[in-house]
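Just remember that the numbering used here sits 20 ahead of the position in the sequence shown, which is counted from 1.
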Amino acid sequence: MTDTTFPGWHGTTIIGVKRDGEVVIAGDGQVSLGQTVIKGTARKVRRLKPGGHEVVAGFAGSTADAFTLLERLEAKLEATPGHLARASVELAKDWRTDKYLQKLEAMLIVTDGSELLVITGAGDVLEPEHDIAAIGSGGNFALAAARGLMETDKNAEQIAREAMAIAADICVYTNGKLTVEKITK
21 MTDTTFPGWH
31 GTTIIGVKRD
41 GEVVIAGDGQ
51 VSLGQTVIKG
61 TARKVRRLKP
71 GGHEVVAGFA
81 GSTADAFTLL
91 ERLEAKLEAT
101 PGHLARASVE
111 LAKDWRTDKY
121 LQKLEAMLIV
131 TDGSELLVIT
141 GAGDVLEPEH
151 DIAAIGSGGN
161 FALAAARGLM
171 ETDKNAEQIA
181 REAMAIAADI
191 CVYTNGKLTV
201 EKITK
């Protein structure tokens with residue numbers, strides 16, 4: 021008997037690190053379909069500027085779903101300028117209750133330079149402990165590495181880059197081709 025189901029898309033690791041007044045979100049570039057790497061240079065970290073307020077977002081999951089969520093987040097940010105947490109909660113509420121949005125398969129890490137948040141389709145808006153957030157296939161590897169690196173004198177970008185390198189060495193769905201965005205407040 022052969023399995024005729026379509027293999028799932030894999031291959032995202034996103035990490036957010038907050039330290040000393042700056043926040044960095046880094047994401048790898050790998051997208052895999054089953055056991056095949058389809059693309060190695062995908063850009064999963066974006067800089068948004070709704071209403072002139074800068075926000076950085078990284079996504080894991082379906083690209084089309086993530087873009088839909090990023091568009092919705094931008095609209096929420098335009099309606100509540102300068103209030104990332106409020107806009108994130110409004111997005112999470114819509115995501116949880118809207119029948120169309122409920123089908124979206126993605127997660128987001130967002131920051132405005134002062135807040136670092138994870139938004140999920142379960143209606144969660146989480147402010148991570150230890151000023152580190154990580155999502156995606158290699159997220160737990162990157163999170164563990166970053167937690168250890170927080171004990172050093174390294175800055176947020178150095179921690180994010182090194183944690184992603186460690187995740188790429190361990191997770192077959194993560195590569196070392198990074199997109200890194202930094203924001204300070």
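All C-beta atoms in this analysis are idealised placements derived from N, C-alpha and C, irrespective of residue type, glycine included.
Through-space distance from residue j to residue i, alpha-carbon basis
i	j	result
Gly82	Leu97	Gly is not the amino acid found at residue 82; the sequence shown has Ser there. Roughly 22 Å between the two C-alpha positions.
Lys119	Lys113	12 Å
Thr56	Thr194	12 Å
Val109	Leu128	12 Å
Lys197	Ile35	14 Å
Continuous beta strand (DSSP E) stretch holding residue i: start and end
i	result
Glu201	Thr199 to Thr204
Thr83	Looking at the DSSP string, Thr83 is not in any beta strand (DSSP E); the run it does join, the alpha helix (DSSP H), is Thr83 to Ala99.
Gly156	Ile152 to Gly156
Thr131	Ala126 to Thr131
Thr56	Thr56 to Lys59
Other residues of its chain near residue i: CB distance less than 8 Å, five sequence neighbours each side excluded
i	result
Glu74	Arg67, Leu68, Asp132, Gly133 and Ile203
Cβ-based neighbour list, residue i, same chain, cut-off 6 Å, excluding 5 preceding and 5 following
i	result
Trp115	Leu121 and Gly141
Arg92	Leu111
Glu201	Ile45, Val65, Arg67 and Val76
Own chain residues within Cβ distance below 7 Å of residue i, not counting five before or after
i	result
Ala126	Phe79, Ala80, Gly81, Ser82, Asp85, Ala86 and Leu89
Range of the contiguous alpha helix (DSSP H) that encloses residue i
i	result
Pro169	What sits at residue 169 in the sequence shown is Leu, not Pro. Gly159 to Leu169 is the extent of the alpha helix (DSSP H) around Leu169.
Ser4	As shown, the chain starts at 21 and ends at 205. That puts residue 4 outside it, with no answer to give.
Ala180	Ala176 to Ile190
The ligand COA heavy atom lying under 6 Å from the CB of residue i
i	result
Gly133	In terms of ligand content, the structure shown is empty, and the ligand COA therefore cannot be addressed.
DSSP-derived helix/strand/coil call for residue i
i	result
Glu149	helix
Lys38	strand
Gly64	For clarity, residue 64 is Lys in the given sequence; the question names Gly instead. Coil, per DSSP.
Worksheet entry | the region 29 to 45 touching the region 171 to 185, judged by at least three CB pairs closer than 8 Å | yes
Discussion item. Would the region 64 to 71 count as touching the region 177 to 191 if we require 3 or more Cβ pairs under 8 Å?
Written reply: no
Discussion item. When you compare the region 126 to 133 with the region 163 to 174, are there three or more beta-carbon pairs, one atom per stretch, that lie closer than 8 Å?
Written reply: no
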